[in-house]
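> Residue numbers (our numbering): 1 to 837.
Here a beta-carbon is modelled for each residue, glycine too, at the ideal position from N, C-alpha and C.
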Amino acid sequence: MAEYDPQAIERKWQARWDADRAFEADPDPSKLKYYVLEMLPYPSGTMHMGHMRNYTIGDVIARYRRMQGFHVIHPMGWDAFGLPAENAAIQRGIHPREWTNTNIESFKRVCRRFGFSYDWRREISTCEPEYYRWNQWFFLRMLERGIAYRKRSRVNWCPKCQTVLANEQVVNGCCWRHEDTPVEAKEIEQWFLRITQYADELLETLDQLEDGWPERVLTMQRNWIGKSRGTRIRFTVDDPRGNRGEFIEVFTTRIDTIYGASAVILAPNHPLVEKLLGYAGTKSLYWTRLLRLRQASVKTEDIATAEKEGIDLGWHAINPFNGEKIPIWVGNFVLMEYGTGAVMCVPAHDERDFEFATKYGLAKPIVVQPDEDKPLTPESLDAAFTEYGKSVNSGPYSGLPSERAIEKMTADAEARGFAKGEIIFRLKDWGISRQRYWGTPIPVLFCEKCGVVAVPDKDLPVVLPTITKFSGTGQSPLASVPEFVNVKCPKCGGAARRETDTMDTFIDSSWYFYRYADAHNDKAPFDPAIVRYWLPVDQYIGGIVHAILHLLYTRFFCKVMRDLGLVNHDEPVKRLFTQGLVLKGGTAMSKSKGNVVGAEDMAQKYGCDTGRLYTLFAAPPEKDLEWSEQAIEGCARFLQRVHRLVSRHADLLSKAPAGSGLGVSLDSATPKEKALLRKAHQVLRRVTNDFESRWHFNSATALLMELVNEIQTQEPLEEGVRPEVAREIFELLTLMLAPMVPHLAEELWEMMGRTQQTLAHSRWPQFVPQLAAEDQVEVVVQVNGRVKRRIQVEAGLGEAELVERVLSEPKIMKLLDGQRIFKRIVVPDKLVNVVLR
RNA sequence: GCGGAAGUGGCGGAAUUGGCAGACGCGCCAGCCUUAGGAGCUGGUGGCCGAAAGGCCGUAGGGGUUCGAGUCCCUUCUUCCGCACCA
Numbered sequence: 001m002a003e004y005d006p007q008a009i010e011r012k013w014q015a016r017w018d019a020d021r022a023f024e025a026d027p028d029p030s031k032l033k034y035y036v037l038e039m040l041p042y043p044s045g046t047m048h049m050g051h052m053r054n055y056t057i058g059d060v061i062a063r064y065r066r067m068q069g070f071h072v073i074h075p076m077g078w079d080a081f082g083l084p085a086e087n088a089a090i091q092r093g094i095h096p097r098e099w100t101n102t103n104i105e106s107f108k109r110v111c112r113r114f115g116f117s118y119d120w121r122r123e124i125s126t127c128e129p130e131y132y133r134w135n136q137w138f139f140l141r142m143l144e145r146g147i148a149y150r151k152r153s154r155v156n157w158c159p160k161c162q163t164v165l166a167n168e169q170v171v172n173g174c175c176w177r178h179e180d181t182p183v184e185a186k187e188i189e190q191w192f193l194r195i196t197q198y199a200d201e202l203l204e205t206l207d208q209l210e211d212g213w214p215e216r217v218l219t220m221q222r223n224w225i226g227k228s229r230g231t232r233i234r235f236t237v238d239d240p241r242g243n244r245g246e247f248i249e250v251f252t253t254r255i256d257t258i259y260g261a262s263a264v265i266l267a268p269n270h271p272l273v274e275k276l277l278g279y280a281g282t283k284s285l286y287w288t289r290l291l292r293l294r295q296a297s298v299k300t301e302d303i304a305t306a307e308k309e310g311i312d313l314g315w316h317a318i319n320p321f322n323g324e325k326i327p328i329w330v331g332n333f334v335l336m337e338y339g340t341g342a343v344m345c346v347p348a349h350d351e352r353d354f355e356f357a358t359k360y361g362l363a364k365p366i367v368v369q370p371d372e373d374k375p376l377t378p379e380s381l382d383a384a385f386t387e388y389g390k391s392v393n394s395g396p397y398s399g400l401p402s403e404r405a406i407e408k409m410t411a412d413a414e415a416r417g418f419a420k421g422e423i424i425f426r427l428k429d430w431g432i433s434r435q436r437y438w439g440t441p442i443p444v445l446f447c448e449k450c451g452v453v454a455v456p457d458k459d460l461p462v463v464l465p466t467i468t469k470f471s472g473t474g475q476s477p478l479a480s481v482p483e484f485v486n487v488k489c490p491k492c493g494g495a496a497r498r499e500t501d502t503m504d505t506f507i508d509s510s511w512y513f514y515r516y517a518d519a520h521n522d523k524a525p526f527d528p529a530i531v532r533y534w535l536p537v538d539q540y541i542g543g544i545v546h547a548i549l550h551l552l553y554t555r556f557f558c559k560v561m562r563d564l565g566l567v568n569h570d571e572p573v574k575r576l577f578t579q580g581l582v583l584k585g586g587t588a589m590s591k592s593k594g595n596v597v598g599a600e601d602m603a604q605k606y607g608c609d610t611g612r613l614y615t616l617f618a619a620p621p622e623k624d625l626e627w628s629e630q631a632i633e634g635c636a637r638f639l640q641r642v643h644r645l646v647s648r649h650a651d652l653l654s655k656a657p658a659g660s661g662l663g664v665s666l667d668s669a670t671p672k673e674k675a676l677l678r679k680a681h682q683v684l685r686r687v688t689n690d691f692e693s694r695w696h697f698n699s700a701t702a703l704l705m706e707l708v709n710e711i712q713t714q715e716p717l718e719e720g721v722r723p724e725v726a727r728e729i730f731e732l733l734t735l736m737l738a739p740m741v742p743h744l745a746e747e748l749w750e751m752m753g754r755t756q757q758t759l760a761h762s763r764w765p766q767f768v769p770q771l772a773a774e775d776q777v778e779v780v781v782q783v784n785g786r787v788k789r790r791i792q793v794e795a796g797l798g799e800a801e802l803v804e805r806v807l808s809e810p811k812i813m814k815l816l817d818g819q820r821i822f823k824r825i826v827v828p829d830k831l832v833n834v835v836l837r
């Protein structure tokens with residue numbers, strides 16, 4: 001009997017799949033397509049179990065869908081631009097391209113080693129000109145439409161990365177790659193993509209994803225976009241020494257509380273602050289204190305807990321509703337980046353204003369009263385009342401409910417010209433310039449005469465030149481390559497300089513899965529007709545880390561592509577699955593923490609099927625998974641057991657024609673056959689359900705283990721099991737194993753004499769209810785809801801009959817001892833509850 | 001602080017709609033086989049009481065709805081995640 005030799009089996013079947021081109025699929029309108037996608041990896045160092053888990057989940061789904069007859073596209077590629085490659089170059093003197101390609105080779109080798117069913121013809125690598133030229137093409141289209149634009153602004157600078165970060169790439173005030181490195185503020189001129197133009201739609205179409213995306217991710221995106229409906233109100237600055245026409249615009253969602261405003265507060269870096277101090281000649285007086293307010297900590301935890309601080313500027317603003325003069329302050333809690341950089345301070349109805357007013361002794365007029373509770377009084381007010389209620393002390397608006405007051409006051413204020421209803425978003429435009437080398441060159445030139453000039457399409461790609469010196473000084477490395485920088489202006493022929501910043505690598509990953517559909521197109525990013533067949537993605541699988549970053553950007557790109565007429569859907573991904581992390585010692589595997597288990601080492605030790613099975617069995621896929629050497633041994637044992645089991649019965653199985661089991665009638669079946677067929681079909685029903693709706697591969701695996709256990713308890717099969725029945729059972733087992741442990745399944749299939757076709761395209765078996773049905777069931781007998789006895793009865797008894805049978809059972813009669821029965825609850829085939837009371 | 005998810009044996013985790021809690025695996029215990037076992041096989045394994053039959057307790061704590069609750073409701077606690085002066 002041949003031992004289970006995973007290495008040999010795995011090589012053998014991988015070669016066979018390659019020869020069969022088993023996983024290649026091209027558009028075929030007669031077939032239902034299914035797009036399975038795993039987030040493309042950044043190939044750094046070696047592939048670890050975290051990656052491997054991601055791809056295993058995707059592969060099981062791809063293989064299962066294929067067995068269901070779907071036309072499956074399942075591609076893989078490489079997120080190949082990015083900082084680690086450049087840092088490796090600086091530290092070790094290896095060119096980023098070389099470092100990256102070595103890693104890609106290694107990742108690809110491991111992917112093949114695990115038998116992931118990718119269509120490798122579609123492989124892309126984002127650092128190749130054939131790919132990034134389309135990044136440039138998209139950028140130019142956005143430039144034409146005003147979606148890409150250039151501006152000078154305060155940006156997030158990571159001193160470790162030596163480059164700018166987008167807002168989404170700042171986590172807790174620190175760089176998303178360097179969680180202990182606070183970002184610094186820097187004024188830089190850079191390129192932005194006007195994602196805010198789509199803010200409303202990015203929010204609206206999240207509703208379409210309700211059924212397919214985790215609620216968590218949807219919530220995070222909604223919060224990030226941060227839509228807020230309110231009013232922009234203009235307060236005139238009271239100017240006793242002449243009218244300079246200064247005014248302050250505040251944004252508020254609660255215009256109804258304006259009669260309760262006791263100050264206007266400006267952000268410390270609001271331009272008007274210095275102006276007003278200048279007018280009054282009081283700059284020197286306030287300057288030190290003002291600087292202190294401006295030096296807010298960047299750590300967000302600190303910000304939230306920081307004490308409110310302010311400075312009374314000595315100026316007043318006029319409340320446009322009642323003409324009242326209220327002081328103008330500067331406050332450290334007012335953000336220049338949000339709204340108008342100025343707020344009206346309504347202490348009685350805003351928590352922050354309450355705190356501020358308490359500290360500085362500002363008045364707290366009450367202008368909203370709660371609906372039910374007893375009315376607020378200045379004496380009883382110990383916290384801000386921020387809910388809606390009824391307006392009071394608000395001139396003509398007194399008595400209105402808050403909602404009405406907001407509407408009416410906004411309308412009136414608009415009519416009188418000092419306010420405007422407005423919707424603002426927390427979302428900011430996406431800053432995409434990076435002062436680094438290893439990325440897509442931004443295809444524009446700066447001409448002395450013509451200004452900013454787009455590189456003409458025909459000159460794409462703007463190829464990233466090969467450079468050899470990497471300093472990491474924060475200067476764009478491309479600036480030091482004269483042959484790259486100095487060009488002729490395509491418009492006027494005069495001298496021009498190329499843009500030397502490169503694009504954020506999140507551009508690369510925003511549309512890569514469209515490129516997979518038509519990976520070698522050299523006329524366009526892709527052929528819209530092909531994309532119409534394959535896209536949108538039916539199932540995307542990846543980590544929760546990308547809940548905002550990548551998934552927001554890619555949704556934005558989809559909408560831009562739609563507006564360019566390239567695609568006809570609004571959302572790129574129908575269903576999203578966020579898998580859990582692979583932990584070791586309680587933390588996520590990562591190179592920096594030194595706790596990685598290499599996928600290749602693992603495959604070498606146990607075989608990849610064992611590795612696949614372990615990651616599927618150890619936890620449901622959405623949960624984190626703690627790596628355990630002991631538990632993986634259990635999976636290895638199980639596969640060995642299955643292999644031995646089939647080996648042992650090869651003779652018996654060879655006596656039956658293939659696929660003959662279905663005709664077996666239960667009437668003529670032996671008890672052993674009945675037991676086996678029942679178990680097999682019960683397992684099939686539940687495994688199919690786990691695959692279909694929940695992807696609980698852990699319980700599916702447990703069920704298959706149960707089936708194997710059952711087969712073993714029915715041994716020897718030669719006695720009492722006909723070959724065709726044995727065959728049916730073993731084929732069911734093998735087909736169900738196929739998506740999870742495909743190599744072993746193929747081998748078993750062959751051992752059973754099936755040689756014509758691989759399992760890759762075999763059909764998923766059909767559940768037969770009659771075969772799963774039990775003819776004896778165990779019924780639980782409860783007294784007053786507590787389980788007392790269990791009895792065997794034939795299945796399918798009616799309620800009355802079942803009660804009759806239960807009550808006539810001697811051991812039940814003894815239990816009840818003639819007591820009066822108050823009530824009976826009957827669940828056929830399951831339970832009888834006798835209520836005595 | 002706000003929002004969300006979760007809490008089940010020694011461990012990972014099952015339990016589809018309110019109907020047998022702990023499937024399956026790991027670990028552990030006992031036995032078989034073996035020159036040997038870090039291999040294989042058999043059996044046991046939530047806690048307490050009991051020789052056994054059986055009984056009692058048990059899904060973070062408390063309360064409730066129900067004939068019946070891991071599952072539904074209220075409440076407290078804990079953990080994890082997200083947001084964090086967003087006006």
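For the beta strand (DSSP E) containing residue 230, list its first residue and its last residue.
Taking the first sequence and counting its residues from 1, one reaches residue 230 at position 230. First-last of the beta strand (DSSP E) with residue 230: 227–238.
> Who are the near neighbours of residue 579 in its chain, counting only those whose CB is closer than 8 angstroms to its CB and skipping five residues on each side?
By 1-based counting over the first sequence, the position of residue 579 is 579. Hits under 8 angstroms: 53, 54, 57, 541, 542, 543, 621 and 622.
> Pull up the CB-CB distance for residue 738 and residue 63, whole angstroms please, since I reckon it's below 8 angstroms.
Along the first sequence, one-based indexing puts residue 738 at 738. Along the first sequence, one-based indexing puts residue 63 at 63. About 7 angstroms separates the two Cβ atoms, so the contact holds.
> Considering only residues of the same chain and omitting the five flanking positions on each side of residue 564, which have a CB-CB separation below 7 angstroms?
If you number the first sequence from 1, residue 564 lands on position 564. Closer than 7 angstroms at the Cβ level, and outside the excluded window around residue 564, lie 141.
> Nearest by alpha-carbon distance to residue 687: which of 156, 735 and 191 is it?
Counting from one through the first sequence, the residue named residue 687 turns up at place 687. That would be 735, whose Cα lies nearest to the Cα of residue 687.
> Distance check for residue 710 and residue 725, CA to CA, integer angstroms please.
For the purposes of this step, residue 725 is identified with residue 725 of the first sequence, where counting begins at 1. For the purposes of this step, residue 710 is identified with residue 710 of the first sequence, where counting begins at 1. Cα to Cα, residue 725 sits roughly 14 angstroms from residue 710.
> Keeping to the same chain, check which residues put their C-beta closer than 6 angstroms to that of residue 3; ignore five residues upstream and five downstream.
Locating residue 3 in the first sequence gives position 3, counting from the first residue. Hits under 6 angstroms: none found.
> Looking at the unbroken alpha helix (DSSP H) that takes in residue 701, where does it start and where does it end?
One-based indexing of the first sequence puts residue 701 at position 701. Note, residue 701: alpha helix (DSSP H), 697–713.
> Give the DSSP bridge partners of residue 38, in chain order.
Your numbering for residue 38 matches position 38 in the first sequence. Answer is 541, bridged to residue 38.
> List the endpoints of the continuous beta strand (DSSP E) containing residue 153.
For the purposes of this step, residue 153 is identified with residue 153 of the first sequence, where counting begins at 1. 148–158 is the span of the beta strand (DSSP E), which, as asked, contains residue 153.
> Taking DSSP as the reference, what is the three-state secondary structure of residue 447?
As a position in the first sequence, residue 447 is number 447, starting the count at 1. It is a strand residue.
> Just the C-alpha distance for residue 606 and residue 134, rounded to the nearest angstrom, thanks.
Translated into the one-based positions of the first sequence, residue 606 becomes position 606. Translated into the one-based positions of the first sequence, residue 134 becomes position 134. When rounded, the distance between both Cα atoms is 42 angstroms.
> In three-state terms, what does DSSP make of residue 258?
Here the question's residue 258 lines up with position 258 in the first sequence. Of the three classes helix, strand and coil, the one that applies to residue 258 here is helix, per DSSP.
> Quick one: Cα of residue 528 to Cα of residue 209, how far?
Mapped onto the first sequence, residue 528 falls at position 528. Mapped onto the first sequence, residue 209 falls at position 209. Cα to Cα, residue 528 sits roughly 23 angstroms from residue 209.
> If the criterion is Cβ atoms closer than 8 angstroms, does the pair residue 363 and residue 332 meet it?
Indexing the first sequence from 1 puts residue 363 at position 363. Indexing the first sequence from 1 puts residue 332 at position 332. No, Cβ-Cβ distance for residue 363 and residue 332 is not below 8 angstroms.
> Do the stretch 154–167 and the stretch 773–789 meet, that is, are 3 or more Cβ pairs less than 8 angstroms apart?
Flag = no, the stretch 154–167 and the stretch 773–789 do not touch.
> Straight-line CA distance for residue 313 to residue 380?
Counted from its first residue, the first sequence places residue 313 at position 313. Counted from its first residue, the first sequence places residue 380 at position 380. Cα-Cα distance, rounded: 30 angstroms.
> Please list the terminal residues of the continuous alpha helix (DSSP H) segment that includes residue 406.
Position 406 of the first sequence, counting from 1, holds the residue named residue 406. Segment 402–416, the alpha helix (DSSP H) holding residue 406.
> Look at the Cβ atom of residue 838, then the Cβ atom of residue 234, and state whether they are nearer than 8 angstroms.
This structure gives no information on residue 838, because the portion of the chain shown stretches from 1 to 837.
> Of the choices 812, 794 and 801, whose alpha-carbon is the least far from that of residue 788?
Here the question's residue 788 lines up with position 788 in the first sequence. Answer by Cα proximity: 812.
> Buried or exposed: where does residue 867 fall if 16 or more other Cβ atoms within 10 Å of its Cβ makes it buried?
With the chain represented from 1 up to 837, any question about residue 867 goes unanswered, as that position is not in the structure.
> Is the separation between the beta-carbon of residue 841 and that of residue 238 shorter than 8 angstroms?
Shown here, the chain extends from 1 to 837; a query on residue 841 therefore has no answer.
> Within a Cβ cutoff of 7 angstroms, which residues of the same chain sit near residue 592, ignoring the five residues on either side of it in sequence?
Position 592 of the first sequence, counted from the first residue, corresponds to residue 592. If we look at residue 592 and ignore the five residues flanking it on each side, it has no Cβ neighbours.
> Looking only at DSSP bridge pairs, what is residue 328 linked to?
The residue given as residue 328 occupies position 328 in the first sequence. Paired residue(s): 264 and 315.
> Pop quiz: residue 171 and residue 184 are said to be a contact at Cβ under 8 angstroms. What is the actual Cβ separation, rounded to whole angstroms?
For this step, residue 171 is matched to residue 171 along the first sequence. For this step, residue 184 is matched to residue 184 along the first sequence. At roughly 15 angstroms, the Cβ-Cβ gap does not stay under 8 angstroms, so residue 171 and residue 184 are not in contact.
> Tell me, which residues are paired with residue 345 by DSSP?
Within the first sequence, the letter at position 345 stands for residue 345. Answer is 263, bridged to residue 345.
> Using three-state DSSP, classify residue 754 as helix, strand or coil.
Taking the first sequence and counting its residues from 1, one reaches residue 754 at position 754. It is coil, neither helix nor strand.
> With 16 as the cutoff for other CB atoms within 10 Å, does residue 784 come out buried or exposed?
To locate residue 784, count along the first sequence from 1; it is residue 784. Result: exposed.
> Any idea which residues DSSP pairs residue 433 with across the strands?
The count along the first sequence starts at 1 and reaches residue 433 at position 433. 503.
> What residue ranges within the stretch 355–396 form continuous alpha helix (DSSP H) runs of no fewer than 4 residues, ordered along the chain?
Taking only runs of at least 4 residues, no alpha helix (DSSP H) segment lies wholly in the stretch 355–396.
> Cβ of residue 700 within 7 angstroms of any heavy atom in the ligand SAH?
This structure does not include the ligand SAH; it has no bound ligands of any sort.
> My output table needs one value for residue 786: the three-state DSSP class, helix, strand or coil.
Start at 1 with the first residue of the first sequence, and residue 786 comes out as number 786. DSSP places residue 786 in strand when its eight states are reduced to three.
> For the stretch 609–690, list the alpha helix (DSSP H) runs that are entirely contained and at least 4 residues long, ordered along the chain.
Runs of the alpha helix (DSSP H) inside the stretch 609–690: 629–648, 650–654 and 671–689.
> Okay, do the stretch 513–531 and the stretch 72–79 touch, 3+ Cβ pairs below 8 angstroms being the bar?
In short, these stretches touch, since the Cβ pair count reaches three.
> By the DSSP assignment, the alpha helix (DSSP H) with residue 187 in it spans what residues?
The residue labelled residue 187 in the question sits at position 187 within the first sequence. Note, residue 187: premise wrong, no alpha helix (DSSP H); beta strand (DSSP E) at 184–193.
> Can you tell me whether residue 630 is buried or exposed? The criterion is at least 16 other CB atoms within 10 Å of its CB, across all chains shown.
Stepping through the first sequence from its first residue, residue 630 is reached at position 630. Classification for residue 630: exposed.
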